[in-house]
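Peer 1: All residue numbers for the sequence shown refer to the working numbering, where the first residue is 4 and numbers rise by one. Just so it is clear, CB atoms sit at the ideal spot from N, CA and C, and this is done for glycine as well. These numbers come from a predicted model, not from an experiment.
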Amino acid sequence: MFISSAFAQTAPAAAAEGGLMGSLTGMLPLVLMFVVLYFIMIRPQMKRQKEHRAMIDALAKGDEVATAGGLLGKVAGLSEGYIQLEIASGVQVQVQRSAVSQVLPKGTVK
């Protein structure tokens with residue numbers, strides 16, 4: 004309807020003439036798109052994950068932290084996968100280490 008039958012019949016013959024170079028040229032935009040996505044999206048995300056893991060591994064008792072859920076508190080205890088977070092005087096909650104989104108400067112939590 005939109006493409007003539009003569010053009011549709013000659014397209015494979017034109018591609019066969021290009022051989023290996025024609026197929027590489029056809030794949031070039033796909034390869035370039037993957038390279039651009041790697042440097043724009045994948046690499047920075049891996050860097051952020053590495054920084055987050057280093058921050059979580061460096062947690063110590065007495066650090067003031069903010070969690071992904073919005074809780075602010077001081078680290079009262081540490082275990083392998085969890086931390087005890089003191090959110091008020093005498094009130095402690097247990098949260099996963101991965102829930103910590105940032106370490107706050109000392110004196111932020113009153």
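Are the CB atoms of residue 75 and residue 112 within a distance shorter than 8 Å?
Peer 2: Sequence index remark: in the sequence shown, residue 112 carries index 109 (1-based). Sequence index remark: in the sequence shown, residue 75 carries index 72 (1-based). It is a contact, given that the beta carbons lie within the stated cut-off.
Peer 1: Roughly how many angstroms separate the alpha carbons of residue 54 and residue 22, rounded to a whole number?
Peer 2: Position 51 of the sequence shown, counted from the first residue, corresponds to residue 54. Position 19 of the sequence shown, counted from the first residue, corresponds to residue 22. Roughly 47 Å between the two C-alpha positions.
Peer 1: Could you tell me whether the segment 76-94 touches the segment 33-53, using the rule of 3 or more Cβ pairs below 8 Å?
Peer 2: Taking 8 Å as the limit for Cβ pairs, the verdict is that the segment 33-53 does not touch the segment 76-94.
Peer 1: Assign residue 98 to one of two classes, buried (16 or more other C-beta atoms within 10 Å of its C-beta) or exposed (fewer than that).
Peer 2: Looking up residue 98 in the sequence shown gives position 95. By the 10 Å Cβ count, residue 98 comes out buried.
Peer 1: List the residues that DSSP assigns as beta-bridge partners of residue 98.
Peer 2: On the sequence shown, position 95 is the one that residue 98 refers to. Per DSSP, 86.
Peer 1: State buried or exposed for residue 86, treating a residue as buried only when at least 16 other CB atoms are found within 10 Å of its CB.
Peer 2: As a working mapping, residue 86 is identified with position 83 in the sequence shown. Looking at its Cβ environment, which holds 16 or more other Cβ atoms inside 10 Å, residue 86 is buried.
Peer 1: Helix, strand or coil for residue 104 per DSSP?
Peer 2: Residue 104 sits at position 101 when you count from the first residue of the sequence shown. Here residue 104 sits in strand by DSSP.
Peer 1: Taking the beta carbon of residue 70 as the centre, do at least 16 other beta carbons fall within 10 Å, making it buried, or is it exposed?
Peer 2: Start at 1 with the first residue of the sequence shown, and residue 70 comes out as number 67. Buried, because 16 or more other Cβ atoms sit within 10 Å of the Cβ of residue 70.
Peer 1: Can you check which of these residues, 52, 29, 43 and 31, is closest to residue 101 by C-alpha distance?
Peer 2: The count along the sequence shown starts at 1 and reaches residue 101 at position 98. The option with the nearest alpha carbon to residue 101 is 52.
Peer 1: Which same chain residues, not among the five before or five after residue 59, have their C-beta less than 8 Å away from its C-beta?
Peer 2: Here residue 59 corresponds to residue number 56 of the sequence shown, with the count starting at 1. Excluding residues within five positions, the ones whose Cβ falls inside 8 Å are 100, 101 and 103.
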